[in-house]
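Enquirer: Just dropping this structure here.
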Amino acid sequence: MTTRRLNFTGRQRIRVEDARITLETSTRGPAEFEASLRLSEYGFPADALVVVEAYRQTSAMRFDFGTVAFRQPPDSTKLVEFDPPDGVRFRVKVVDASDRRGLLLGSADEIRPTSLGESPAQCILDVVFDLFGEEVWRLSLDDVDAPKLQVNNKLMGRRTTIKEPRFFALVFPEVLRQILREAVRDGRPGEGDPPWQTDWCLFAESLPGVKPAPEVLNDADGEEWVQRAVEAFSRQSECFSRFLRVEEGES
Amino acid sequence: MIPLRRLNERGLRQMHEWLDQVGADGRGSVPESLMYADSVSEPVESGVSVEETKSFPRRFEWALYIESVLAEQSTREVAMDKGLWAWLTLVYFDQVCPVDAVGVRDVLDRPRYVPTIADYKTYYRHLLLGPWSIVRAHRDHPDRATALLVNPLHKPGEVAEQVAARQELITSRQVVEVAGRLYYEPSTGGMRRGSGSKGPGTPRRLVAVLRQLSLNFDFQEIGTEALFSMLPKEFRKFIGAPSKQSAPGR
Chain A
1 MTTRRLNFTG RQRIRVEDAR ITLETSTRGP AEFEASLRLS EYGFPADALV
51 VVEAYRQTSA MRFDFGTVAF RQPPDSTKLV EFDPPDGVRF RVKVVDASDR
101 RGLLLGSADE IRPTSLGESP AQCILDVVFD LFGEEVWRLS LDDVDAPKLQ
151 VNNKLMGRRT TIKEPRFFAL VFPEVLRQIL REAVRDGRPG EGDPPWQTDW
201 CLFAESLPGV KPAPEVLNDA DGEEWVQRAV EAFSRQSECF SRFLRVEEGE
251 S
Chain B
1001 MIPLRRLNER GLRQMHEWLD QVGADGRGSV PESLMYADSV SEPVESGVSV
1051 EETKSFPRRF EWALYIESVL AEQSTREVAM DKGLWAWLTL VYFDQVCPVD
1101 AVGVRDVLDR PRYVPTIADY KTYYRHLLLG PWSIVRAHRD HPDRATALLV
1151 NPLHKPGEVA EQVAARQELI TSRQVVEVAG RLYYEPSTGG MRRGSGSKGP
1201 GTPRRLVAVL RQLSLNFDFQ EIGTEALFSM LPKEFRKFIG APSKQSAPGR
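Which chain is which? The protein sequence lines are A and B, in order.
Quick note on numbering: the numbering used here labels position 46 of the first sequence as 46, and the sequence is numbered without any gaps.
Heads up: take any position in the second sequence, counting from 1, add 1000, and you land on the numbering used here.
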């Protein structure tokens, strides 16, 4: 069940493309990161504080990046709490430093870092190999954290399995369906909703023939919009054709 | 003292089967073979040991103890070591799943004993990993987290369960201090009366209020005092409230 939180102070959402984090890993110590922040278009006060936080499970690190007008990265951005840094996420905050000290003026959350030299193409689904027993996959969904595809850990040594056409065709359209149902449960996600919901909604709307999700949806409309998105995804990915080719190739 | 070990895949399977058996009638003791046989477990590389006979009055003492044992290990390596936490559960099983007056164990759901490592929404529910991860997150000042860890090992407690479920809350010094100020009674080392219930002013409500506030405020910048003063009136009843009758650890 989605619980809406109210953005009653007018906090701005910083766009993903304006808050990029690049990781530089090293075999000699913890990874470091570089933050590329474009904040000039948001109209934040010049003296507002800029903070970058790295987090994963119950670990977190905070880095002060100066102010909006005078950006000053810290002496070290070594992720000593995250060694190795897999799965670490970042959030960027712009914080009022005037008489309303501590008020969040802008933020971006759940930022996935890219590796040095990697294009910033956004991946919106985490895949983790943490299922035991006979279950092949399971989708982890809740009202706050980004969805995660859990896969049987025995497939960890065969990571290519999840890219294999049959697995892809049988699993990913259903994953998309479940995620979109949750994302638009209360209508098109907006301010105050978890960022992952907007990310997935935008992804669905980028598929050929999928219209923007209506702001308000009843159950039937919502299901129809989700179905169209799943069909468009399957069509674009040629799910059935590729599935069939593998099947016929093996017969 | 026994050197730390971790269960392998086969060991984890056998532990699940054994928990199924114990869960059926609440009776049974940990098979020695499951803890020490090389076919189901292996030594942990660090070579450190634990006192298998040590008892822990509260989750806090457990967390401090295992943190001292694992202090040199990286958070990631320890937190991801499912086999280690499962093995530790077997070592201290009589404390994480004690027998009652008639010799029956109340076996809880599986993530309490075998951690769901990659599922960050449930991994903290493990009865041994959960307390350790809280103390590790606040290792600069572990006493800060006492309020979340006053229960015995087999009882996680409402405050810890509610706060630990949210990454942005459990890692916040200010949030943990506010929770401690509201629900912890230092004179008894236990929780204040009503802190385990539902309704106005309880931990469940605190988390809802803090999540709302976190959308609009940076807790580190405003500080504990200001955060505390932002709480609605419903929380005032816990200030100066009497503590529970029971002493901690019962």
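Note that CB positions come from ideal geometry on N, CA and C, so glycine has one too.
Spatial neighbours of B/A1247 within its chain, please: C-beta separation below 8 Å, excluding the five flanking residues on both sides.
Expert: Residue confidence is low: B/A1247 scores 41 on pLDDT, short of 50, so the model does not pin down where it sits. Its coordinate-derived value is still stated next. Excluding five sequence positions before and after B/A1247, the CB atoms of its chain that fall closer than 8 Å to its own CB belong to T1188, G1189 and G1190, given in chain order.
Enquirer: Using the beta-carbon count (16 or more within 10 Å), is B/Q1245 buried or exposed?
Expert: Confidence at B/Q1245 is low in this model, with a pLDDT of 44, below 50, so its placement is unreliable and the value that follows should be read with caution. Exposed.
Enquirer: In angstroms with no decimal places, state the Cα-to-Cα distance between A/S59 and B/T1171.
Expert: 7 Å
Enquirer: Would you say B/V1107 lies against chain A (beta-carbon separation less than 7 Å)?
Expert: no
Enquirer: Could you confirm whether any beta carbon from chain A is found closer than 7 Å to the beta carbon of B/S1133?
Expert: yes
Enquirer: Judging by CA-CA distance, which residue of A/E34, A/R188 and A/W196 is the nearest neighbour of A/E215?
Expert: A/R188
Enquirer: According to DSSP, is B/G1194 helix, strand or coil?
Expert: The DSSP-derived three-state label of B/G1194 is coil.
Enquirer: Would you mind stating whether A/A232 and A/V210 have Cβ atoms separated by less than 7 Å?
Expert: yes
Enquirer: Would you call the region 1190-1204 of chain B and the region 1140-1157 of chain B touching, i.e. three or more CB-CB distances under 8 Å?
Expert: yes
Enquirer: Whole alpha helix (DSSP H) runs in the region 177-230 of chain A with 4 or more residues, listed along the chain?
Expert: 195-205
Enquirer: Excluding five sequence neighbours on each side, which residues of the same chain lie with their C-beta closer than 6 Å to the C-beta of B/L1129?
Expert: W1085 and P1115
Enquirer: By how many angstroms is the C-alpha of A/E164 removed from the C-alpha of A/W137?
Expert: 14 Å
Enquirer: Can you give the Cα-Cα distance for A/E32 and B/P1098, rounded to whole angstroms?
Expert: Roughly 45 Å separates the two Cα atoms.
Enquirer: Using C-beta distances below 6 Å, list every residue in its chain close to A/A46, excluding the 5 sequence neighbours before and after it, in chain order.
Expert: Taking A/A46 as the centre and dropping the five residues before and after it, the same chain places the C-beta of V68 and A69 closer than 6 Å to its C-beta, in chain order.
Enquirer: Looking at the structure shown, is B/Y1113 part of a helix, part of a strand, or coil, going by DSSP?
Expert: coil
Enquirer: If you draw a straight line from the alpha carbon of A/T2 to that of A/T198, how long is it in whole angstroms?
Expert: Caution applies to A/T2, whose pLDDT of 45 falls short of 50 and renders its modelled position unreliable; the value that the coordinates give is listed next. If I take the Cα positions, the gap works out to 13 Å.
Enquirer: Is it buried or exposed for B/F1238, if we count other Cβ within 10 angstroms and need 16 for buried?
Expert: buried
Enquirer: Does the distance from the C-beta atom of B/V1030 to that of B/F1093 stay below 7 Å?
Expert: yes
Enquirer: Give a yes or no on whether the C-beta atoms belonging to B/A1063 and B/P1111 are separated by under 7 Å.
Expert: B/A1063 places its beta carbon 7 Å or farther from that of B/P1111.
Enquirer: Can you tell me whether A/S115 is buried or exposed? The criterion is at least 16 other CB atoms within 10 Å of its CB, across all chains shown.
Expert: exposed
Enquirer: Please name the residue, chosen from A/E135, A/G102 and A/G87, that lies closest to A/D126 on a Cα-to-Cα basis.
Expert: A/G87
Enquirer: Here's the rule: buried if 16 or more other CB atoms are within 10 angstroms of the residue's CB, otherwise exposed. What is B/M1001?
Expert: exposed
Enquirer: Using a cut-off of 7 Å between C-beta atoms, extract the partners of A/Y55 located in chain B.
Expert: Q1167 and T1171
Enquirer: Write down every uninterrupted run of the beta strand (DSSP E) in the region 75-123 of chain A whose length is 3 residues or greater and which is fully enclosed by it, in chain order.
Expert: Taken in chain order, the complete beta strand (DSSP E) segments of 3 or more residues contained in the region 75-123 of chain A are 89-95 and 104-111.
Enquirer: Using a C-beta cutoff of 7 Å, does B/G1039 count as contacting chain A?
Expert: Reading off the sequence shown, one finds Ser at residue 1039 of chain B, where the question assumed Gly. Closer than 7 Å: no.
Enquirer: Starting from A/V51, find everything on chain B with Cβ-Cβ shorter than 9 Å and list it in chain order.
Expert: D1218, Q1220 and E1221
Enquirer: Can you tell me whether DSSP reads A/A70 as helix, strand or coil?
Expert: One point to set straight first is that residue 70 of chain A is Phe, not Ala, in the sequence displayed. Assigned with DSSP and collapsed to three states, A/F70 falls in coil, not helix or strand.
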